[in-house]
Amino acid sequence: MADYTTLCANLVGIQNYRFAFIVADIDFAGSANQRAEFFFYNGLYTSLQEQKADAFWFFAGLNALLVMFKIEHSIINYFVRQLFEIRWLEKLNNEMLVRWLRHKNYYRLKYEKELPDNIDQRIEQDAREFISGTVTMLQGLINSVMSTIEFTIILWGLSGILVLLGVPIPKGVVFFIYIFIIVATALSVWIGHPLIKLNFDKERLNGDYRYSLIRVRDNAESIAFYGGETKERSNLQEKFHAIIHNRWVIVRRMLGLDGFNTGVTQIAMILPLMLQAPRFFAGQVKLGDMHQTVQAFNRLMRALSFFRLFYEEFTLYQARLNRLYGFFTKLDELDGTDIHQPVECSHRVSLHHFGIKDGNGKVLLKDLNVDLQNGDALLIQGPSGAGKTSLLKAIAGIYPFDTEGRVERPCSNSLFLPQRPYMPQGTLREAICYPNIVPKRGELELAMEQCCLSKYIPSLNESNDWQAILSPGELQRVAFIRILLMQPDVIF
Numbered sequence: 001m002a003d004y005t006t007l008c009a010n011l012v013g014i015q016n017y018r019f020a021f022i023v024a025d026i027d028f029a030g031s032a033n034q035r036a037e038f039f040f041y042n043g044l045y046t047s048l049q050e051q052k053a054d055a056f057w058f059f060a061g062l063n064a065l066l067v068m069f070k071i072e073h074s075i076i077n078y079f080v081r082q083l084f085e086i087r088w089l090e091k092l093n094n095e096m097l098v099r100w101l102r103h104k105n106y107y108r109l110k111y112e113k114e115l116p117d118n119i120d121q122r123i124e125q126d127a128r129e130f131i132s133g134t135v136t137m138l139q140g141l142i143n144s145v146m147s148t149i150e151f152t153i154i155l156w157g158l159s160g161i162l163v164l165l166g167v168p169i170p171k172g173v174v175f176f177i178y179i180f181i182i183v184a185t186a187l188s189v190w191i192g193h194p195l196i197k198l199n200f201d202k203e204r205l206n207g208d209y210r211y212s213l214i215r216v217r218d219n220a221e222s223i224a225f226y227g228g229e230t231k232e233r234s235n236l237q238e239k240f241h242a243i244i245h246n247r248w249v250i251v252r253r254m255l256g257l258d259g260f261n262t263g264v265t266q267i268a269m270i271l272p273l274m275l276q277a278p279r280f281f282a283g284q285v286k287l288g289d290m291h292q293t294v295q296a297f298n299r300l301m302r303a304l305s306f307f308r309l310f311y312e313e314f315t316l317y318q319a320r321l322n323r324l325y326g327f328f329t330k331l332d333e334l335d336g337t338d339i340h341q342p343v344e345c346s347h348r349v350s351l352h353h354f355g356i357k358d359g360n361g362k363v364l365l366k367d368l369n370v371d372l373q374n375g376d377a378l379l380i381q382g383p384s385g386a387g388k389t390s391l392l393k394a395i396a397g398i399y400p401f402d403t404e405g406r407v408e409r410p411c412s413n414s415l416f417l418p419q420r421p422y423m424p425q426g427t428l429r430e431a432i433c434y435p436n437i438v439p440k441r442g443e444l445e446l447a448m449e450q451c452c453l454s455k456y457i458p459s460l461n462e463s464n465d466w467q468a469i470l471s472p473g474e475l476q477r478v479a480f481i482r483i484l485l486m487q488p489d490v491i492f
């Protein structure tokens with residue numbers, strides 16, 4: 001629980017508490033406008049009851065000033081909110097990317113038994129909506145607290161003695177509304193509590209479905225060769241049906257929550273009139289006081305009902321916070337895991353009593369001794385699953401499991417070629433020179449001609465999805481171009 005609280009504090013950040021004070025100032029100005037409205041309408045309705053035309057037109061003229069103030073308040077509030085959300089999103093996104101990409105965590109996550117689902121969704125969507133939800137909740141909470149204080153004072157002044165079951169209660173209207181809202185909020189939480197898990201599942205199911213669609217798009221050629229359209233459609237429909245099932249479960253739960261909240265709201269609309277009617281008929285309050293009582297009662301109830309009315313959004317907010325918590329917690333676990341990296345920098349490639357194990361601790365290779373000098377070549381052969389690729393990963397220093405022994409290799413000028421060359425998004429020039437190859441003038445074009453890719457020279461500065469455009473054979477040629485440009489001391 002302490003770790004969870006710490007994460008929440010880190011996500012909010014100290015700079016965001018400064019924003020809370022700004023929001024409080026803006027909401028205080030808005031509340032001042034609301035208080036002015038109450039006295040304005042009190043005077044307006046009282047002047048109507050007493051048939052004072054001059055007073056009526058005076059209060060009507062004040063409405064223009066209130067309208068101008070509302071417009072100014074709305075514009076400032078929107079600008080401050082957007083400014084804060086954008087800056088916070090920039091900082092949070094940078095923090096998530098740094099922690100995800102450092103220490104090769106993005107790669108090591110693949111081998112975790114409890115892999116956080118849909119990392120891309122957590123970084124892009126959950127972070128963005130978490131920030132928006134935090135701002136909404138913060139503004140609502142501040143406004144709720146301020147409105148509760150202000151309208152309690154107003155309603156306290158308007159309230160008289162309330163008689164319930166023959167018992168006179170001074171200022172009883174105020175006590176009645178507090179008890180009413182506490183009971184209503186408790187029932188609302190009891191009805192809507194399952195929505196937290198349901199909304200968490202909704203985010204996961206939507207992310208899984210979107211990822212499945214992307215896989216079909218990225219593997220369209222292979223699926224077409226296999227004629228796997230029917231199977232893919234079946235798989236996609238299965239995932240979509242899970243989304244629909246979850247949606248209906250949420251709908252059924254929301255029917256009860258919305259129905260309850262609507263009932264409470266409708267009761268509250270007539271309740272203040274019923275509570276104040278005896279005093280009005282007795283001539284103790286005027287029509288303007290009645291109108292002001294109704295308005296103050298409803299505003300106070302809305303302020304006290306913030307959590308109850310916001311509960312559906314709160315469950316979504318809690319689900320996103322849980323997903324971000326899972327993301328950061330898993331990265332913290334990886335950062336705290338000490339995996340033996342056997343690589344030492346040298347001018348040669350040498351293995352000393354080297355061995356590797358799989359994720360279950362099973363020995364794949366052991367007691368390997370190899371010594372290669374400049375100009376030597378070594379072909380590694382073995383059946384599938386013998387550990388050939390795992391050996392190369394260990395030599396590269398990215399093997400996620402335990403190793404033993406020691407590896408020496410050149411660290412500054414070595415090149416590892418994966419089985420399927422990677423082409424990042426961007427121009428073809430940037431993709432070929434990935435990650436940091438800087439060719440001399442004309443060197444790239446010459447290498448492309450030598451590797452039979454000269455037809456793409458006019459497209460070097462075009463941005464496209466080159467991973468999908470180039471054929472598997474052309475992607476292999478890109479790997480050879482990188483070798484020619486980089487001139488590494490050793491190639492794996």
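With UniProt numbering, the residue at position 366 of the sequence shown is 366, and numbering never jumps. Cβ coordinates follow ideal geometry from the N, Cα and C atoms, glycine included.
Can you give me the C-alpha to C-alpha distance between residue i and residue j, rounded to a whole angstrom?
i: T315; j: K197; result: 8 Å
i: V183; j: T134; result: 26 Å
i: V490; j: N413; result: 7 Å
i: M486; j: Q419; result: 18 Å
i: Q425; j: I437; result: 16 Å
i: G256; j: F310; result: 15 Å
i: L155; j: I149; result: 10 Å
i: E312; j: R87; result: 27 Å
i: S144; j: K357; result: 58 Å
i: R122; j: A386; result: 36 Å
i: P170; j: T152; result: 14 Å
i: K239; j: S147; result: 45 Å
i: P435; j: P342; result: 24 Å
i: N93; j: R323; result: 15 Å
i: L475; j: E114; result: 33 Å
i: L62; j: Q292; result: 17 Å
i: D465; j: Y78; result: 38 Å
i: A242; j: W248; result: 10 Å
i: F354; j: L334; result: 24 Å
i: Y211; j: D218; result: 10 Å
i: R409; j: L391; result: 13 Å
i: F306; j: I181; result: 10 Å
i: R204; j: N118; result: 7 Å
i: I457; j: R252; result: 59 Å
i: residue 524; j: I432; result: As shown, the chain starts at 1 and ends at 492. That puts residue 524 outside it, with no answer to give.
i: G336; j: T329; result: 11 Å
i: G326; j: V67; result: 46 Å
i: L372; j: V98; result: 36 Å
Drop a sphere of 10 angstroms on the beta-carbon of residue i, count the other beta-carbons inside from all chains shown, and report buried for 16 or more, exposed for fewer.
i: Y422; result: exposed
i: I395; result: buried
i: D126; result: buried
i: K393; result: buried
i: I71; result: exposed
i: I75; result: exposed
i: V294; result: buried
i: A2; result: With a pLDDT of 43 at A2, under the threshold of 50, the modelled position of that residue is not reliable, and the figure given next carries that caveat. A2 is exposed by the Cβ-count criterion.
i: N360; result: exposed
i: I142; result: buried
Would you mind reading off the limits of the alpha helix (DSSP H) that contains residue i?
i: G355; result: Element bounds for G355: not the alpha helix (DSSP H) but the beta strand (DSSP E), V349 to K357.
i: R482; result: P472 to M486
i: V216; result: L195 to D218
i: A377; result: A377 -> no alpha helix (DSSP H), and no H or E assigned at all.
i: R108; result: N105 to R108
i: I469; result: W466 to I469
Excluding the 5 residues flanking residue i on each side, which residues of the same chain have their C-beta closer than 6 Å to its C-beta?
i: I250; result: L198
i: V370; result: L351
i: A268; result: M301
i: P439; result: L485
Once you ignore the five residues that flank residue i on each side, which residues in its own chain have a CB closer than 7 Å to its CB?
i: S454; result: M448
i: G263; result: none
i: R308; result: A184, T185, S188 and N261
i: A479; result: L417 and P421
i: R81; result: V135
Provide the residue span of the beta strand (DSSP E) that contains residue i, from first to last.
i: L372; result: V363 to L372
i: R406; result: T403 to R409
i: E344; result: V343 to C345
Any C-beta of chain C sitting closer than 8 Å to the C-beta of residue i?
i: G140; result: Although the question refers to chain C, the structure presented lacks it and comprises just one protein chain.
Excluding five sequence neighbours on each side, which residues of the same chain lie with their C-beta closer than 8 Å to the C-beta of residue i?
i: L415; result: R482, I483, M486, P488, V490, I491 and F492
i: A468; result: D218
i: R429; result: L444, L460 and N461
| Where are the alpha helix (DSSP H) runs, 4 residues long or more, that stay fully inside the stretch 110-182, in chain order? | 127-158
| task | For the stretch 240-327, list the alpha helix (DSSP H) runs that are entirely contained and at least 4 residues long, ordered along the chain. | result | 287-304 and 306-309
| task | Go through the stretch 384-453 residue by residue and report every complete run of the beta strand (DSSP E) that reaches 3 residues or more, in order. | result | 403-409
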